[in-house]
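Numbering (the working numbering), first residue to last: 5 to 122.
Note that beta-carbon positions come from the ideal geometry of N, C-alpha and C, so glycine has one too.
Bear in mind that the values here come from a model prediction, so they are computed numbers and not experimental data.
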């Protein structure tokens, strides 16, 4: 993990903790697609945001063609289920943006849920 990736991981974990304590929940915003996927999986925002507090960055995406730096994280729900989330980091406004969330598929991911199958 590079220093940049580690810094992103620390920031995501910290913002998730801060968001849970914030009555306005203003540290994490959700895309429309992210909310649709959340509903499709039967998860709540609170459950996912709690899981982000201990998530790991497993893929870091270059910011070349993206408006914000983003990454793929692996987190665990309180139920023990793994989840993946694409998180964009808005440093200027000091918040996270959940682009999408999903349950990783065993057809696409190794048992560690961190490694894509070839």
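Exposed or buried, residue i, counting other C-beta atoms within 10 Å across all chains shown (16 or more means buried)?
i          : result
residue 38 : buried
residue 84 : exposed
residue 71 : exposed
Given residue i, which residues of its chain have a CB within under 7 Å of its CB, disregarding the five upstream and five downstream residues?
i           : result
residue 55  : 79, 80, 81 and 87
residue 121 : 112, 113 and 114
residue 51  : 81 and 82
residue 118 : 62 and 78
residue 19  : 31, 32, 99 and 100
residue 15  : 93
residue 21  : 57
Once the 5 residues before and after residue i are set aside, which same chain residues still bring their CB inside 6 Å of it?
i          : result
residue 67 : 73
residue 34 : 102
residue 9  : 61 and 64
Residue j and residue i - do their beta-carbons sit closer together than 8 Å?
i          : j           : result
residue 13 : residue 60  : yes
residue 93 : residue 102 : no
Checking the sheet assignment: what are the DSSP bridge partners for residue i?
i           : result
residue 124 : There is simply no residue 124 to check, as the chain begins at 5 and stops at 122 in what is shown.
residue 120 : 113
Apart from the five residues just before and just after residue i, which ones in its own chain have a Cβ nearer than 8 Å to its Cβ?
i          : result
residue 41 : 104, 105 and 106
residue 97 : none
residue 45 : 87, 105, 106 and 107
- Query: Which runs of the beta strand (DSSP E) spanning at least 3 residues fall entirely within the stretch 59-113, listed in chain order?
  - Reply: Whole beta strand (DSSP E) segments, 3+ residues: 60-65, 74-80, 86-94 and 99-106.
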